[in-house]
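**Student:** Chains as they are written, first to last, in our numbering: chain L, 15 to 176; chain X, 143 to 415.
Virtual Cβ for every residue (Gly too), placed ideally from N, Cα, C.
Below is one structure. I have some questions about it.
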Amino acid sequence: MGNLWRSTVVLIIIVSTVVLQVLLTRYFPRLLLDLPLVSVLYLTIAKENLLWTIGSGTLVGFLQDSLSPGPLGLNGFTKISVGCLAYMANTFLAIDRVTTRWGMLFISSLLAGVLFPVLRILFLNRNEMFDGERILLSGLINASVGLPLFYIFDKISQSQNE
Amino acid sequence: MKQFFKSRTEWILLIAVLFGHLVLLSSRMGRSTETPLLRSWSMEVAVPLLKSVVGSITSLSGLWRGYIDLRRTYQENQVLKGQVEESRRTIIAYEEKIRELGRIEALAELQARLALPSVRAKVIGGDPTHWYNSRILDIGLDAGIARDCAAISADGVVGRIVQVSRRSSVLQLVTDLDSGVGVFLENSRAHGVLKGKGGRDGFIEYVGSSEKVVVGERVLTSGLDQIYPKGLLVGYVAATVPSKQIFQKIDVTISANVLKLEEVLVLKKESQS
């Protein structure tokens with residue numbers, strides 16, 4: 015029962031990040047923040063279980079693709095791929111310090127920023143231009159916002175365990 | 143020396159009589175328009191004294207009210223501050239309502255002018271990624287809209303519906319990288335396809351290099367894509383990029399403020415067939 019409750023809370027948090035993202039981009043269209051990616055990365059390093067990465071990446075990606083003009087599967091593939099790389103990094107490095115967490119968020123965001131247009135070129139036959147400045151800025155924003163969010167998620171997780 | 147006054151009674155009597163005489167003298171003098179002498183002497187003595195006493199009382203009272211007894215003043219100040227804040231909030235709310243009514247009125251006028259079946263929609267969300275330029279609307283199949291319905295605002299074309307459910311839909315903006323709108327230039331009548339660049343800009347492709355394009359020229363929908371009705375304003379030519387290729391590239395500023403959309407008008411599909 016405890017596990018079911020915890021899983022439900024995680025599910026609610028994941029859906030909330032997508033809803034919050036939709037609201038934020040309604041009022042700040044140029045915002046380069048990707049809250050759902052941050053939530054997937056957190057679950058990856060917190061649960062240390064690839065199934066969580068795959069499950070959360072799929073759910074988040076599906077929700078994002080459903081609410082955007084793009085085809086289903088693009089965001090899911092990106093989130094799962096980046097999540098898996100973060101999982102592998104977590105097995106080699108202890109991603110529990112501020113610097114390593116920030117670095118992981120930054121690099122993961124850069125990878126997502128490159129992978130998404132690559133997928134669009136490969137599968138949708140689009141002529142994509144890689145905007146380096148935009149990808150870099152997105153990485154910085156995601157890392158800076160994601161770090162305090164990680165600590166908030168930690169607190170929620172600790173209160174659940176108590 | 144003989145004792146001049148034998149008792150106190152005599153003293154008193156003397157003073158009283160003298161005083162009586164003076165009063166009498168004063169009353170006689172009062173028959174003229176001037177102030178009687180006794181009255182005048184009384185005033186000259188009493189008034190300065192009265193003035194100084196009353197002045198002191200007034201100063202003390204002012205000091206009390208102005209500096210010492212400020213308890214009530216502080217409470218009144220707090221109450222008034224609260225009222226001012228509430229009034230300010232009410233004014234802001236009313237101003238926002240007025241702006242919203244203005245937008246709705248503009249859309250209603252556009253709806254009446256177009257004489258095409260349409261329905262108003264409110265923007266309730268943005269894109270859940272930061273890769274697309276899209277918005278989420280609060281109407282769907284139940285309101286009679288479908289995929290590829292055009293959406294416009296009072297300022298011009300905004301985009302088209304790409305995803306639709308029963309009660310909501312996803313609007314792809316004309317500035318989206320995947321968007322394509324059949325357009326023509328008002329003066330040169332050259333046809334092309336408007337593509338999105340993100341932000342508030344787009345560009346037109348497939349316009350021949352020999353076509354003369356003027357900066358500021360209006361860009362209108364051609365209707366050839368079977369999505370947007372012909373003749374709707376899309377934007378204005380911002381710049382032309384000279385090219386030795388077959389086609390020139392034309393930068394366009396979208397007329398509708400797609401970054402700050404609140405309400406749009408969705409044209410129903412039957413009107414475009």
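(1) Along the chain, where does the alpha helix (DSSP H) that runs through X:G224 open and close?
(2) So, helix, strand or coil for X:G172, using DSSP?
(3) So if I threshold CB-CB distances at 7 Å, which residues from the stretch 82-95 of chain L count as touching chain X?
(4) I'd like to know if L:D48 contacts chain X, where contact means its C-beta is closer than 8 Å to some C-beta of that chain.
(5) Please confirm whether L:S123 has its beta-carbon closer than 8 Å to some beta-carbon of chain X.
(6) Under a CB-based cut-off of 8 Å, is X:Q390 close to chain L?
(7) Just to check my reading of the structure: L:V96 and L:A126 have Cβ atoms closer than 8 Å, yes? What is that Cβ distance to the nearest angstrom?
(8) Would you call X:V195 buried or exposed, if buried means 16 or more other Cβ atoms sit within 10 Å of its Cβ?
(9) How many Å lie between X:T271 and X:L212 at the Cα?
(10) How long is the line joining the alpha carbons of X:S364 and L:R111, rounded to whole angstroms?
(11) Roughly how many angstroms lie between the CA atoms of X:G224 and X:G208, to the nearest whole one?
(12) What residues from the stretch 24-45 of chain L come within 9 Å of chain X, judged by C-beta to C-beta, listed N to C?
(13) With a Cβ-Cβ cutoff of 8 Å, do X:R289 and X:V265 count as a contact?
(14) Given that X:W273 touches chain L, what residues does it touch there, using C-beta distances under 7 Å?
(15) Quick one: measure Cβ to Cβ for X:V312 and L:P83, integer angstroms, because I've assumed they're closer than 8 Å.
(16) Let me see if you follow: with CB-CB separation under 8 Å, is L:D168 close to chain X or not?
(17) Do L:L47 and L:L38 have their CB atoms nearer than 8 Å?
(18) How should X:A257 be labelled, buried or exposed, when 16 other C-beta atoms within 10 angstroms of its C-beta is the threshold for buried?
(19) Find the nearest neighbour of X:V408 within the set X:A263, X:L336 and X:I388, judged by alpha-carbon distance.
(20) Mind checking which residues open and close the alpha helix (DSSP H) that includes L:I68?
(21) X:G344 and X:I396 - do their beta-carbons sit closer together than 8 Å?
(22) Using a Cβ cut-off of 9 Å, pull out every chain X residue sitting near L:S152, in sequence order please.
(23) Could you tell me the distance, in whole angstroms, from the CA atom of L:L77 to the CA atom of L:L88?
(24) Can you give me the start and stop residues for the alpha helix (DSSP H) that L:S53 sits inside?
**Tutor:** Reading it off the structure:
(1) R213 to L256
(2) Because the pLDDT at X:G172 is just 49, under 50, the model does not fix this residue reliably, and the value given afterwards should be weighed accordingly. Residue state, collapsed to three classes: coil.
(3) S82, P83, G84 and N89
(4) yes
(5) no
(6) no
(7) 5 Å
(8) exposed
(9) 58 Å
(10) 58 Å
(11) 23 Å
(12) V32, V33, Q35, V36, L37, L38, T39, R40, Y41, F42, P43, R44 and L45
(13) no
(14) F130
(15) 6 Å
(16) no
(17) yes
(18) exposed
(19) X:A263
(20) L64 to S80
(21) yes
(22) H272
(23) 11 Å
(24) L49 to K61
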